[in-house]
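Numbering (full-length UniProt numbering), first residue to last: 1 to 357. Built from N, CA and C at the ideal position, the CB exists for glycine as well. Given the structure is predicted, the values throughout are model-derived calculations rather than measurements.
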Ligand SMILES: Nc1ncnc2c1ncn2[C@@H]1O[C@H](COP(=O)(O)OP(=O)(O)OP(=O)(O)O)[C@@H](O)[C@H]1O
Ligand SMILES: [Mg+2]
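Now the structure itself:
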């Protein structure tokens, strides 16, 4: 990405510290996701009653919706120590063996981005999850022997943004899968209220609504926007943030009323004006906005498609009438062959591994 974007940027270290501070510690403080929360709380309660470690839990869903937070909450609620690692960090089965063999009884092992683990490690994990046992292979070639090693019972919490990429055998070994959904504006208001309390910020109800509405259904973005609004209020010496102040602050950071940032709007504007609404191929569109196709596809597109502003057809990306309305442009008359361009959801038009599941 050429420039850091407010809604999709990598975070500054200081920001990450604040993010950690804003993380709910208990299930009660975790806003929204009522279904997952209810089911998870039952799983945890049952295991407490049985006096056993909880079943393995898989958490899936888009970035920033609370997977890591929930993993920490699970350990907290179980009063168990938490070990954190991630798929990309486990490239050899030996890496996983080292982690597994050092777990203590009842420990919660959180594996983030579990879909990115190597194949041999994955196979070792199958046995560990099911039988609490691993085979440590010693030696090479014909002389190699497998030494079985018993593991203490533990709870694996896996997180993935791409549940579709998990092999079936791995998915099946989780006793419970929680799929996190985007949050409603009302839920995000609650997230923001809690964060504002922790940050000692005075915000009116309408101020919360304003920020929540621009947060793309994502608590991480909501909290990030709140911090930018906080900066703005500090510099402008405003001690109570209302809708107007929140709106002005976020306008300044180029996050619009729908939560689109500059990249999103550039992509949409190029599509609508330079290419007459499309269809246009991804790489052409990316060149037009001076970005990598990968950035356009993974950073801008999912939200534009989700909001119904962009469509994906077999012949390329198109701008929907909603896009023109949002950009304040006149909606063009339908093209003569428009009805032949069937709309596809995200991920269905290209044999491309980088698409959403
Ligand atoms: N339900 C929630 N209630 C309150 N705050 C939340 C909730 N979910 C997430 N957050 C906040 O959003 C931030 C991001 O959440 P988290 O790190 O758990 O997301 P994630 O799903 O693990 O994202 P990624 O896929 O990028 O790892 C956290 O700092 C947390 O404070
Ligand atoms: Mg995470």
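- prompt: With DSSP run on the structure shown, which of helix, strand or coil describes residue 117?
  reply: coil
- prompt: Is the region 69-85 touching the region 45-55, taking contact as three or more C-beta pairs under 8 angstroms?
  reply: yes
task: Give the secondary structure of residue 302 by DSSP, where H, G and I count as helix, E and B as strand, and everything else as coil.
output: Here DSSP, grouped into helix, strand and coil, assigns residue 302 to helix.
- prompt: Exposed or buried, which one is residue 345 when buried takes at least 16 other CB atoms within 10 Å?
  reply: Per-residue confidence for residue 345 stands at a pLDDT of 48, beneath the threshold of 50, marking its modelled position as unreliable; the derived number appears in the next sentence. Counting Cβ neighbours within 10 Å, residue 345 comes out exposed, since fewer than 16 surround it.
message: Tell me which residues share the same chain as residue 220 and place their Cβ nearer than 6 angstroms to its Cβ, disregarding the 5 neighbours each side in the sequence.
response: 64
task: Name the two residues that bound the continuous beta strand (DSSP E) containing residue 60.
output: That run of the beta strand (DSSP E) goes 57-60.
Quiz: which residues have CB nearer than 7 angstroms to ligand 2 non-hydrogen atoms: Summarising the contact set, residues whose Cβ lies nearer than 7 angstroms to any heavy atom of ligand 2 are, in chain order, 67, 68, 112 and 159.
query: Is residue 14 buried or exposed, if buried means 16 or more other CB atoms sit within 10 Å of its CB?
result: exposed
field: Nearest to residue 258 (by Cα), restricted to the options 297, 84 and 306
entry: 306
field: Inter-residue spacing [alpha-carbon to alpha-carbon] between residue 352 and residue 105
entry: Low local confidence applies: a pLDDT of 41 at residue 352 is under 50, so the model's placement there is unreliable, with the coordinate-based value given in what follows. In a straight line, the C-alpha of residue 352 is about 42 angstroms away from that of residue 105.
- request: Measuring only between beta-carbons, confirm whether residue 261 sits less than 7 angstroms from chain D.
  value: The structure shown contains no chain D, having only a single protein chain.
- prompt: Excluding the five sequence neighbours on either side, which residues of its own chain have a C-beta within less than 6 angstroms of the C-beta of residue 217, listed in chain order?
  reply: 182 and 183
task: Would you grab the beta carbon distance between residue 121 and residue 95 for me? Rounded to a whole angstrom, and I think it's under 8 angstroms.
output: Right, the Cβ-Cβ distance comes to about 7 angstroms (below 8 angstroms), so this counts as a contact.
message: Quick check: does the Cβ of residue 65 come within less than 6 angstroms of any heavy atom belonging to ligand 1?
response: Answer for residue 65: yes, Cβ within range of ligand 1.
message: If distances are taken between C-alpha atoms only, which option among 206, 280, 263 and 169 comes closest to residue 311?
response: 280
- request: Note down the Cα distance separating residue 1 from residue 301, rounded to an integer number of angstroms.
  value: Here residue 1 scores only 42 on pLDDT, less than 50, and its place in the model should not be relied on; the value that follows carries that caveat. The alpha-carbon atoms of residue 1 and residue 301 are separated by roughly 14 angstroms.
- request: Can you have a look at residue 19 and say buried or exposed, based on whether 16 or more other CB atoms are within 10 angstroms of its CB?
  value: So residue 19 counts as buried.
- prompt: Which same chain residues, not among the five before or five after residue 133, have their C-beta less than 8 angstroms away from its C-beta?
  reply: 127, 148, 149, 150 and 151
- prompt: Rounded to whole angstroms, how far is the Cβ of residue 243 from the Cβ of residue 207, which I believe are closer than 8 angstroms?
  reply: Yes, they are in contact, since the Cβ atoms of residue 243 and residue 207 sit about 5 angstroms apart, within 8 angstroms.
query: Applying the criterion that 16 or more other CB atoms from any shown protein chain within 10 Å of the CB defines a buried residue, is residue 357 buried or exposed?
result: Its pLDDT being 36, under 50, residue 357 is placed unreliably by the model, and the measurement read from it follows with that caveat. Burial call: exposed.
field: 3 or more residues per run - each beta strand (DSSP E) lying fully within the region 33-113
entry: Correct list: 57-60, 82-86 and 108-112.
query: Measuring from the CB of residue 275, is there a heavy atom of ligand 1 at a distance below 6 angstroms?
result: no
Separation of residue 73 from residue 25, as counted between CA atoms: Near 5 angstroms, if we compare the C-alpha coordinates of residue 73 and residue 25.
- prompt: By Cβ distance, which residues of its chain are closer than 8 angstroms to residue 349, with the 5 residues on each side in sequence left out?
  reply: Unreliable positioning characterises residue 349 in this predicted model, as indicated by a pLDDT of 44, which lies under 50. The coordinate reading is nonetheless provided below. Only 312, 313 and 314 meet the Cβ criterion.
query: At a cut of 8 angstroms, does the region 230-245 reach the region 270-289 through at least three beta carbon pairs?
result: no
field: Counterpart residues of residue 148 in DSSP-defined beta bridges
entry: 135
- prompt: Is it buried or exposed for residue 67, if we count other Cβ within 10 angstroms and need 16 for buried?
  reply: Residue 67 is buried by the Cβ-count criterion.
message: To the nearest angstrom, how far is the alpha carbon of residue 142 from that of residue 124?
response: 20 angstroms
query: Tell me which same chain residues have a C-beta within less than 6 angstroms of the C-beta of residue 32, skipping the five on either side of it?
result: 183 and 187
message: Taking DSSP's pairing of strands, which residues face residue 320 in a bridge?
response: According to DSSP, residue 320 bridges with nothing at all.
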